[in-house]
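What follows is a set of notes on a single structure, which appears directly below.
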Amino acid sequence: MVTLLGAPFILPVIVAVLGLISVFGRGGIVSQALIWAGLEPVSIYGAQGVVLAHVFFNLPLATRLILQGWLAIPAERFRLAAALGFGPGDISRTLERPMLREVVPGAFVVIFILCLTSFAVALALGGGPRATTIELAIYQAFRFEFDLGKAALLGLVQVVLAGTAAVVALRLTLPAELGPGFDRAVTRWDAGAPGLKVQDALWIGLATLFLALPLAMIALDGAAALASLPVSVWVATLRSVAVALVSMCLTLALAVPIAVLAVRRRARIVEVLATLTIAASPLVVGTGLFILLFPVVDPGRIALGVTALVNAAMALPFALRAIVPALTAVEADYGRLADGLGMAGRTRLTRLWLPRLRRPLGFAAGLAAALSMGDLGVITMFASPEGGTLPLALYRLMAAYRMDDAAGAALILLAVSLALFWVFDRGGRIDAEA
Amino acid sequence: MLRLEGLRARWGDWTLSADLVIGTGDKVALIGPSGAGKSTLLGLIAGHENPEAGRVLWDGADLTGRPPAERPMSMIFQDNNLFPHMSAAQNVGLGLRPDLKLGRDQWRAVEAALDRVGLGGFGKRKPGQLSGGQVARVALARVLLQHKPVVLLDEAFGALGPALRAEMLDLVASLAEETGATLLIVSHEPGDARRIADSVVLVADGVAHPPVATAEIFDNPPPAFTAYLGG
Chain E
135 MVTLLGAPFI
145 LPVIVAVLGL
155 ISVFGRGGIV
165 SQALIWAGLE
175 PVSIYGAQGV
185 VLAHVFFNLP
195 LATRLILQGW
205 LAIPAERFRL
215 AAALGFGPGD
225 ISRTLERPML
235 REVVPGAFVV
245 IFILCLTSFA
255 VALALGGGPR
265 ATTIELAIYQ
275 AFRFEFDLGK
285 AALLGLVQVV
295 LAGTAAVVAL
305 RLTLPAELGP
315 GFDRAVTRWD
325 AGAPGLKVQD
335 ALWIGLATLF
345 LALPLAMIAL
355 DGAAALASLP
365 VSVWVATLRS
375 VAVALVSMCL
385 TLALAVPIAV
395 LAVRRRARIV
405 EVLATLTIAA
415 SPLVVGTGLF
425 ILLFPVVDPG
435 RIALGVTALV
445 NAAMALPFAL
455 RAIVPALTAV
465 EADYGRLADG
475 LGMAGRTRLT
485 RLWLPRLRRP
495 LGFAAGLAAA
505 LSMGDLGVIT
515 MFASPEGGTL
525 PLALYRLMAA
535 YRMDDAAGAA
545 LILLAVSLAL
555 FWVFDRGGRI
565 DAEA
Chain V
69 MLRLEGLRAR
79 WGDWTLSADL
89 VIGTGDKVAL
99 IGPSGAGKST
109 LLGLIAGHEN
119 PEAGRVLWDG
129 ADLTGRPPAE
139 RPMSMIFQDN
149 NLFPHMSAAQ
159 NVGLGLRPDL
169 KLGRDQWRAV
179 EAALDRVGLG
189 GFGKRKPGQL
199 SGGQVARVAL
209 ARVLLQHKPV
219 VLLDEAFGAL
229 GPALRAEMLD
239 LVASLAEETG
249 ATLLIVSHEP
259 GDARRIADSV
269 VLVADGVAHP
279 PVATAEIFDN
289 PPPAFTAYLG
299 G
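So the protein sequences, as listed, match chains E and V.
Here our numbering is used: the first residue of the first sequence is 135, the next is one more, and so on.
Here our numbering is used: the first residue of the second sequence is 69, the next is one more, and so on.
Dropping the structure here:
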């Protein structure tokens, strides 16, 4: 279940949106069921759809963040609680509620920012002006009015809003002071009550259904349309894979030196970067780049390069979150040995860091490639009508209401994204000794 | 001759000072209560930590501020002495060149060093396929190959059982005698000191005292040493 919760993270947004449409849209199974029951069908376009899609994306993230909070409670606390004869209520009061008070505000702000800066969802489901977000307004000022000043101003508003929220989030996400434990396995002596088990199973079942159903619908609809897809979709796929690979290389090329800097100089650069990239959404960065580059070159010609670059920047904080702790551990374990042997510079990189960091590097590479593969942001501003990546091609098919072809493209996008992640993540694990 | 001249380190309100001389070829044990600064002292000598004041001198040359690899010293730590992603031979070869660009003669020297510690033919194995005692021997083979005048043991072999540790210490002592190396060891076990050390440096109450002959300090222990031994 936790693995499944990780999937939406590398799942291309636009694919998920399509999946949600096929479940909750006018022709989707929920509406069909409502019509059959004699009720009004639901509409996914507009504000309620945007909210629904964001729940779909952030439910897993929230679960993971809060789960980390639970895992951070040392097993010894639960053992002590059991020894003292605590019931579920007592455990909740003394252990879980303090933890939640620490974790939930941080998770709340992170998700708030993600929703604030999300673009693809609002683009695909937003519809009328009533459901317009700032991100979408930037895009519209850009694409339809071509008012660069207005786009820049909106971008500024966005950065200030998200930046404020990001700073608040960093302040709030302090670790809970529960003290260290000895990494014993947690046994929950209070989980025996049947009522609690049914309650847990019910919630987990509902959440799984909510997350898995849209993906299943895409696989079903898409498989049928695969054979008849227009050639342009396949061309866009190749373009996207190229962008994803370039973006991945850029991410690693940036992440490794930054991680080294952060670990050896104890620089706070990681937090600063994370805040910056959360606050400045791809679209805002894209706007800036467009204003800079527009007078110099034709935006359509550099679309893919800019997309790769911006996506690399966006994947950077995630890559760093994987690499920095691992590098810290490597330096703690082997730093003095390497110092004593005179392993410096290139030798240290190739003989110590790269071999010891294969797993996190593989994970980061997979994540960067998958995120870049599925991104629908900057490319919307730069691409010429005949160019563009697979997510953009998919969006254009949706906008033209060619839903069968869209499902086929979505299936390809989904498969390629997951495959990219899987290949690199696996690559880091193969014969990596402990 | 290793000279610590007015050496001082500080960590908050914790301090350590040392003003002493250790003769070339001596085998010295650093003994004292935990937290007194034995490992810190070794770190200062090896260059992993920087002193607040004072100098470290070897045969009159000032080593203070030099990076660890440029000092005439090799060190064995409590653990993580081998890189798990490299074979035993590669781990030993690092002692010759950190980038492992070794000629055929050098690889032969690596094999000879492994032979000398009783691990002939084990060169291709990775640390994960070796026992704790074998891992310690590989680390020793590297020290042998580095051929530096001073060998530092920072609670090395601490993870081994008593019999195996005694065996390793004997091996270290005989290797040191062969090469004429000066040996400094930090250990929690007074028995280790009696086994191989000629003299003892007592580290207690923020001071590393000048070395005293091992037999003498155990026969006429100063108060701090008695307190450490527990009666």
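In this text, a Cβ means the ideal position worked out from N, Cα and C, and glycines have one as well.
Just so you know, these numbers come straight off a predicted model, no measurement behind them.
- For V/Asn159, the number of other beta carbons within 10 angstroms of its own is at least 16, and it is reported as buried.
- Within the stretch 416-442 of chain E, the complete alpha helix (DSSP H) runs of at least 4 residues fall at 416-427.
- For the C-beta of V/Asn149, the chain E residues within less than 9 angstroms are, from N- to C-terminus, Leu471.
- Here the stretch 168-179 of chain V makes no contact with the stretch 230-247 of chain V; the two share fewer than three CB pairs at distances below 8 angstroms.
- V/Ala86 sits away from V/Glu117, with the two beta carbons spaced by 9 angstroms or more.
- Inside the stretch 187-270 of chain V, DSSP marks whole beta strand (DSSP E) runs of 3 or more residues at positions 218-222, 250-254, from first to last along the chain.
- When rounded, the separation of the alpha-carbon atoms in V/Ser107 and V/His256 is 11 angstroms.
- Taking a C-beta distance under 9 angstroms as the contact criterion, V/Ser267 and V/Val89 do not qualify as a contact pair.
- Residue pairing for V/Met143: DSSP places it in a beta bridge opposite V/Leu220.
- Rounded to whole angstroms, the gap between the alpha carbons of E/Val418 and E/Gly511 is 9 angstroms.
- Shown here for V/Arg205: same chain residues with a beta carbon closer than 7 angstroms to its own, the five before and five after excluded, namely Val185, Gly186, Leu187 in chain order.
- Boundaries of the alpha helix (DSSP H) harbouring V/Asp173: 172-184, taken from the DSSP string.
- If you draw a 10 Å sphere on the C-beta of E/Gln292, you find 16 or more other C-beta atoms in it, and that means buried.
- Against V/Leu168, the close residues of chain E are Thr481, Arg485, in the order they occur along the chain (beta-carbon pairs closer than 9 angstroms).
- Relative to the Cα of E/Ala466, the nearest Cα in the group E/Pro391, E/Val397, E/Ser506, E/Gly434 belongs to E/Val397.
- One alpha carbon belongs to E/Ile457, the other to E/Ala499, and they sit about 11 angstroms apart.
- For the stretch 487-502 of chain E, the residues whose beta carbon sits under 8 angstroms from a beta carbon of chain V are, in order, Pro489, Arg490.
- In this chain, the alpha helix (DSSP H) harbouring E/Trp204 covers 181-205.
- Taking the Cα positions, V/Lys192 is about 37 angstroms away from E/Phe452.
- In the DSSP assignment, V/Thr108 falls within the unbroken alpha helix (DSSP H) covering 106-114.
- V/Asp183 and V/Phe151 have their alpha carbons spaced roughly 20 angstroms apart.
- In this structure, DSSP gives V/Gly133 a state outside helix and strand, which the three-state scheme calls coil.
- Going by DSSP, V/Asp87 is part of the beta strand (DSSP E) stretching over 82-90.
- Assignment of V/Gly161 by DSSP, reduced to helix, strand and coil, places it in the helix class.
- For the pair of segments examined, the stretch 469-483 of chain E was found not to touch the stretch 554-563 of chain E: the number of CB pairs separated by less than 8 angstroms stays below three.
- The DSSP-derived three-state label of V/Ala276 is strand.
- The alpha carbon of E/Val369 has as its nearest neighbour, out of E/Glu269, E/Ala414, E/Gly522, E/Pro433, the alpha carbon of E/Gly522.
- The DSSP-derived three-state label of E/Leu491 is coil.
- Using a Cβ-Cβ cut-off of 9 angstroms, E/Met382 does not count as an interface residue toward chain V, since no Cβ of chain V sits closer than that to its own.
- Residue nearest to V/Arg210 within the set V/Gly196, V/Val178, V/Ala224, V/Gly298 is V/Val178 (criterion: CA-CA distance).
- Judged by beta-carbon spacing, E/Ser506 lies beyond the 9 angstroms limit of E/Met351, meaning their Cβ atoms are not closer than that value.
- Per the Cβ contact rule, the stretch 163-172 of chain E is not in contact with the stretch 534-544 of chain E (fewer than 3 Cβ pairs under 8 angstroms).
- Within the same chain, Ala204, Phe225 come within 6 angstroms of V/Met236 by CB-CB distance, once the 5 residues on both sides are set aside.
- In chain order, Lys95, Val219, Ala244 place their CB closer than 6 angstroms to the CB of V/Leu251, counting only its own chain and leaving out the 5 sequence neighbours on each side.
- Counting only the Cα atoms, V/Glu138 lies some 12 angstroms from V/Asp130.
- Contact residues of the stretch 100-119 of chain V toward chain E are Gly111, Ala114, Gly115, His116 (C-beta to C-beta distance below 9 angstroms).
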